[in-house]
Each structure stands twice: as structure tokens, then as C-alpha cells.
Amino acid sequence: MLQNYFLYPRFLHVNDMFKIDMKEYAESQFYSSGPSVNYTAYFIVKTLKVNRNGCKISVNNCYVVRGESTLIQEAQVHDYIPRGRVYSFPNSALLRRNEDARKLLNYNYPSALAEPMKHLEFCITPFLKKDIQLNVRPVFLVKGPRGSGKHELVRAISKRMGLNFLDIDFAEVQTLTSAQTEAKLRKVLKNAERCVPCVLYLNNIQVFGKTAEGQKDERIISAFTAEVTSLYSKHREFPLIIIASSDETDVPAELQRIFIETIYVKHLNQSTRAELISWLLFNRNLMTAADLSKVANFCSDFKFADLLALLLHAAKFRCKLTSYDKKCTLTLEHEDFDRAYEYMQSMYSDSKGAPRVPKVHWKDIGGLAELKREITRRIQLPLLNAFGFGQSGLLLYGPPGTGKTLLAKAVATEYKMHFLSIKGPEVLNMYVGQSEKNVRQIFERARSAAPCIVFFDELDSLAPNRGRSGDSGGVMDRVVSQLLAEMDGLEESGSIFIIGATNRPDLIDPALLRPGRFDKMLYVGIHSDRVSKLSVLEAQTRKFEFRENGRELEQVVDRLPKNVTGADLYSVSSNAWLNAVREMLAKHQENERINKDYLVEENNAGIKNNVIVELSHFSDAICNLVPSVTDEEIKRYNKMRVELS
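So, in C-alpha cells, the structure goes:
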């Protein structure tokens, strides 16, 4: 490597530090050819001697020429490496317009992590000053969600401070036996001592100090404490900074005591997400014609790793559409980000086994015209006018199956807001304090995903009357108190809307119904008039193919029971379509003798588009309909509506 570097004459000065890119000058030693990692070796010039008249004379500077000069490499030397710099681009359009800025500036770290980086730099700086002797161990903890950029933060701060960076994953240090774990731990700390001045980054410390059964291992924790104490009992010229990282899992108290400061990596907001995307584009030599603020808006709740995956998938889709020249910069369009986002969402849903929330528009919901106007007034005005409108929540109550959840989904779709659906039983947990923590995490997600709608389904099971829940530990009372505190704290958050749904509003704690919380209650009732029934049926059957172009629906309405819910009408529509499918299959089986494989293929390919629904199909479905709400329940809800109005 040194021979290749000095193929050309180099002018050196005593105490100079020069760096050599090993990828460039020792290319044969590397198998990979990508530009992903920069392998750099640093060298310090200790002495320079020239031969004059047979005598070796020390000089301050001279040229080093291959074939004429002799290099003598000494053992490892400890010293600081050149510091890096951070550049911030508040306007991401600069990356698209100013090509010179892309070439000249050293855009090494994401300025989206500027706040925790500033905090960490403030903590580390006193330990770098040789004239100050501190009897404090420089051991710090960085906490943040998985994939939030903790590794990138510590790597950036080490480069910014001129320190070597040593990365160790505690998942690899932890073994099945305590003795092996202790041996690995001592080896890690010994390697760190040989690399000073350096930052020793201990990733995933939340998995450290646990047995195979997941219990706390006192021996390992004590050994770690003893090794760290022994490490800092020695006086050394250059500092050794230990920075551990953990996700949002609680670290055992014995480990927590070792750290003198905890730095938190918070969720990204829209502006920091846009800036982080521009940084990722720059570092991967990519350009974009898309508005990054819009991209950052629809990928809310994305972390550092998620945005990196989004960018890579978008580049993959763009490469499939166009011929990519390695010498040219790839330009991403907005549709590339859209496709990447949909792909990631589908992959996430499949991995979790969760159903995908469908997009619901106003046209998908028949009737409820008055409710739609009231919800629009409550949601649209605060979005259009940031000042003058206080935050308030909506509580949708009424019989089951009337479309309360569908209304909340339609609001999120129509106003292009993110939708967080929370069911009451999902929040509750058997462990003390975990239920309240779940409530806090819900609102943290909401703040990071703003503008969004937080929808609490089955609110009566989550927030019952305090003092009447009947649980011995008072869990429900604490959950209600936590929910009240979080809702009161939303006044500073502009575009977060709370919508609740319940069948039993009389069971909800009265404190939730006060101004500033769920102060507007909307009754979502049954359909008893002809106009609303027809409107719902038209919305549910707009993709059907009718024999008489939909005129059958007016006769269907006349045959329906007096009081029906939206779920009842959906049952009628779906059963009518199934009746039409069965009838068509029966005709095919009677008229044609087709082999079974061909019949299955034909049904899968064309049955959906060739089904014709007639009045008789609806009549059969209505005969089997059992209304989901009885007359007694309707009277009870009407009485409740009068009391709450």
C-alpha cells in the first residue's frame, strides 16, 4: 500500500498526518468493488533525514521519491485523527439545483441528528482536554427506537471529534455461559485500549446480562462493572469513550448506574425526515425530481433505517423502468417513492400478519349526510386555519354496525391523514405500568405521524368510570388518568385529531367528555327512512352489474325491514351477489360439460366481471336477514341520545 502511494513524489513535513485510502492503493486486497465503506489508514511523519555528503541530517520537510528514499515504519502510534465537519441543507432543493455544492461539500452526517449530536458532543468534550483530570468515567448511553440512527449518530460524533470508532454488538458478546461472556468482554475492552483515542460503541446493551431463560445474570453485570472500573483506574494519555445503545426496552438498574448521561434519539418530524432523505440521496449519488416534503409527509413514523430502505426500493423500481448508466446519476421520480412505500407497507403487514386498512372515501358511505358535514366542519377548519381553533375530540356512539369505524377511516383518507386504529383491549397488559406505557407510546407515534387521526375503538372498554372498574390493582383507573393527561398535552400538537367510538357511552368516565377532550358527541344511528337506505345500497353496490341498471334497488328498499343498520344492508348486498354467483355456476354446470380444471380456471378469471345481480337475488337475501338491533335496543339508544344531547 505504501509503495503504491509513493509511486509519485510526495512532499512531507515533520508531524504531518497523511491518510491513504486502502481501496485505492491496495485494491488487490479487497474483493468488493462498491463505494459503500471508506477504508482509511492514517500515518504520522515522525522524522525526516536526508543524506548530505555521506552524513544523515534531520530536516523539517522534504520530498519522498520512490527508489531514492527509504521508508521505515514503526509500531502503532496513538494520536487523534483529523476531524470531520457537518453541513446542513435546510432547503433540500439545493441538492437538485447546485451540482457544485454536491461535489465540493463534505456532506458526511445527517444534520437531522443535530440535537442528540450536540448533546453527545457536549458530554464528550471535557474528557478530551489533557489539562483537565476528571475522576469520572466517560460512559454514556444512547436510547432510541430500533432503526432510529443511533449507530450513525455515534459514528458521526467519533469522526467529528477526531476519534477512532470501534463497533461491538453485545448480541455477539453474550453467550450461553457466563465464563465465555466474561472472556469475550475482557477481549473487547483490551482491543479498545489498543485503539485509543477511540469511541467504543456497544450496541444492543439491552440484551446483555441475561441468562438463556431471559432472567437477569448478576455475575455478568458485576463483571462488566468491575472491568469498566479497572479500565478507568489506569492513567492514559488519550481518552477511551464508551457509548452504549439501547432501544426503548428498559435497561436493568445495575447497568443503568454505570452511565453518567443518557442521550435520547427522538422521533423524526416532517422537516427532519425531508432533510434526512436529502442526505441519503447525496451520500448514494442519487438525484430526485420529487418534492421531498411531500415524500416525508406520507412516510410519517418512518425512522432512519426505514427511510434508507424506502430510498433503496425507490432506486430499484427506477432501475427497472429505465436503463441505468453507472457513469450517470440516477434521478428518482415521485411515483418511485410511492411504489416503494406501498411495497414496504405490504411487506410489513405480511410480516406481522395484520390486515391492511383499506382506503375509504365518502362515496363508499351511503347516508349519514348530516354526520359527514359535522365531521368535515370539525376536521377541515383546524387544518385550513392553524390559529383560532382549539383541539377537540369527536365521540361517535350508537348501535353496533352503524358505520362508526368506517366514518373515521373515510376522514383519514379524504384529508390525506395517517390513521392509527387502537382497540381498547389491545392497550391493556397484565404487568404493572405496562398499560400506561402503551398509552404513552400511542401518543408518541401520533406526534411523529402528524397530521394523523387516532381512532379509539371500543372506548368504553379502555376508559370506564373510575372507581367502578372492579379490578383490585386499579389498572383501569391509572389508564384513564394517563389517557386524560396525554389528551391534555395535545394542545401544543397542531394536527392530531382524536376520534372515539363506543356502543355504551354511559360507561365512559365523565372526565373524558369535558371540553378539550371528547367534547363533541355524534350519534350514528340506524337507517329507518327510504332515502338513507337507498343511498347506502347505492354506495355498497356501485360495482355491481344489474339486470335493470340499478332500478331494482328502489324495490329492494320497499322490501327491507323498517329499521336496519349499515352492517345489515352490507349483509343483504353481499348475500345477493353470492346468490347470483351460485345461480350462474349452476347454469354453467347444466349447459356445458367441461372438465373440472377448465371450470375452475374460468371461474377464477371471469366470474367476477360476468355476474349479473337481479331483484330475486336481493329477495332471497332479505328473507334470511335478521336485524342486528332490536326495537328495545333502539328505544334505549334513543333515550340515551336525548339524555346526552
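To convert, note that position 474 of the sequence shown is 474 in the UniProt record's numbering; the numbers rise steadily by one, no gaps. Each residue gets a CB set at the ideal place from its N, CA and C atoms; glycine is no exception. All of these numbers come straight from a predicted model, not from anything done at the bench.
Spatial neighbours of residue i within its chain, please: CB distance less than 8 Å, with the 5 preceding and 5 following residues excluded, ordered by chain position.
i       : result
Gly-353 : With a pLDDT of 42 at Gly-353, under the threshold of 50, the predicted position of this residue should be treated as unreliable, though the coordinate-derived value follows. Answer for Gly-353: no residue qualifies.
Thr-211 : Asp-217
Val-600 : Here Val-600 scores only 49 on pLDDT, less than 50, and its place in the model is too uncertain to base an answer on.
Glu-74  : Lys-46
Phe-224 : Leu-185, Phe-208, Gly-209, Leu-255 and Ile-258
Tyr-341 : Phe-298, Cys-299 and Leu-310
Gly-67  : none
Ile-634 : Pro-399, Ile-526 and Asn-563
At what residues does the beta strand (DSSP E) containing residue i begin and finish?
i       : result
Glu-261 : 261–264
Ile-499 : 496–502
Val-613 : Here Val-613 belongs to no beta strand (DSSP E), and DSSP marks it neither H nor E.
Val-64  : 61–64
Ser-528 : It is not in any beta strand (DSSP E) - Ser-528 carries neither H nor E in the DSSP assignment.
Asp-167 : 164–169
His-13  : 10–13
Val-142 : 139–143
Asn-438 : Note, Asn-438: premise wrong, no beta strand (DSSP E); alpha helix (DSSP H) at 434–448.
Met-430 : Element bounds for Met-430: n/a, residue is neither H nor E.
Val-454 : 452–457
Is the beta carbon of residue i less than 8 Å from the beta carbon of residue j?
i           : j       : result
residue 652 : Met-287 : The displayed coordinates of the chain run from 1 to 645. Any statement about residue 652 would go beyond what the structure contains.
Met-456     : Gly-500 : According to the sequence provided, residue 456 is Phe. The question's Met does not apply to it. Yes, these two residues count as a Cβ contact at 8 Å.
Phe-544     : Trp-577 : yes
Val-59      : Leu-71  : no
Leu-394     : Arg-378 : yes
residue 649 : Asn-164 : Examination of residue 649 is not possible in this model, given that the chain is present from 1 through 645 alone.
Leu-240     : Ala-192 : yes
His-527     : Ala-580 : no
Met-22      : Ile-44  : no
Glu-333     : Ala-290 : yes
Arg-137     : Tyr-232 : yes
Leu-396     : Leu-406 : no
Ala-112     : Leu-268 : yes
Closer than 7 Å by C-beta to residue i: which residues in its own chain qualify, once you throw out the five before and the five after it? Chain order, please.
i       : result
Asp-336 : Ala-314, Phe-317 and Arg-318
Gln-555 : Leu-615
Arg-219 : Ser-178
Arg-641 : Tyr-523
Val-536 : Gly-366, Gly-367, His-527, Gly-566 and Leu-569
Arg-339 : Phe-317
Leu-459 : Gly-424, Gly-500, Ala-501, Thr-502 and Ile-508
Met-344 : Ala-309, Leu-310 and His-313
Leu-189 : Glu-227 and Leu-231
Leu-128 : Met-161 and Pro-239
His-13  : Val-45, Asn-60 and Asn-61
Beta carbon of residue i: closer than 7 Å to some heavy atom of the ligand MG?
i       : result
Leu-280 : In the structure on display, the ligand MG does not appear, and there are no ligands present to speak of.
So, at 6 Å on beta carbons, what are the nonlocal neighbours of residue i in its own chain, with the 5 sequence-adjacent residues on each side left out?
i       : result
Arg-466 : Asp-477, Val-480 and Asp-509
Val-621 : Residue identity check: residue 621 is Ala in the sequence provided, not Val. Correct list, in chain order: Val-572, Asn-575 and Ala-576.
Ser-532 : Gly-367
Tyr-264 : Lys-143
Pro-35  : Only weak support is given to the placement of Pro-35: the predicted model assigns it a pLDDT of 41, under 50, and the value that follows is read from those uncertain coordinates. Excluding positions up to five away in sequence, the list is empty.
Arg-273 : Ala-296
Phe-443 : Glu-486
Leu-9   : The residue asked about is misnamed: residue 9 is Pro in this sequence, not Leu. Same-chain partners within the cutoff: Tyr-63 and Val-65.
Arg-97  : Reliability fails at Arg-97, whose pLDDT of 44 lies under 50, so the model's placement of it is uncertain and the value that follows must be treated cautiously. None.
Ser-293 : Ala-274
Taking the alpha-carbon of residue i as reference, which of the options has the nearest alpha-carbon?
i       : options                               : result
Asn-4   : Ser-574, Ile-20 and Asp-16            : Ile-20
Arg-257 : Pro-145, Arg-194, Lys-187 and Val-139 : Val-139
Ile-81  : Ala-183, Phe-238 and Gln-215          : Phe-238
Lys-416 : Lys-190, Phe-298, Tyr-264 and Leu-128 : Phe-298
Ser-628 : Asn-269, Glu-115, Arg-542 and Gly-525 : Gly-525
Lys-440 : Val-427, Arg-373, Phe-127 and Glu-275 : The sequence shown places Arg at residue 440, rather than the Lys named in the question. The residue with the shortest Cα to Cα distance from Arg-440 is Val-427.
Asp-79  : Lys-437, Arg-582 and Cys-198          : Cys-198
Thr-502 : Gly-149, Val-295, Met-521 and Phe-122 : Met-521
Lys-56  : Arg-137, Arg-559, Ser-448 and Ser-69  : Ser-69
Lys-266 : Gly-474, Leu-644 and His-119          : His-119
Asn-610 : Gly-149, Leu-407, Leu-585 and Leu-625 : Leu-585
Ile-453 : Pro-505, Phe-497 and Ser-222          : Phe-497
Asn-638 : Leu-459, Glu-583, Asp-506 and Gln-215 : Asp-506
Leu-307 : Lys-294, Ile-422, His-151 and Ile-277 : Ile-277
Ile-422 : Glu-538, Leu-483, Gln-270 and Ala-511 : Leu-483
Ser-28  : Glu-643, Ala-41, Pro-145 and Met-1    : Met-1
How far does the alpha helix (DSSP H) with residue i in it extend, from its first residue to its last?
i           : result
Gln-317     : Residue 317 is actually Phe in this sequence, not Gln. Run containing Phe-317: 304–321, per the alpha helix (DSSP H) assignment.
Ala-244     : Not the alpha helix (DSSP H): Ala-244 falls in the beta strand (DSSP E), residues 240–246.
residue 674 : No statement about residue 674 is possible, as the shown extent of the chain runs from 1 to 645 and does not include it.
Practice problem: Would you be able to state if there are at least three C-beta pairs under 8 Å between the segment 161–172 and the segment 130–150? | Solution: no
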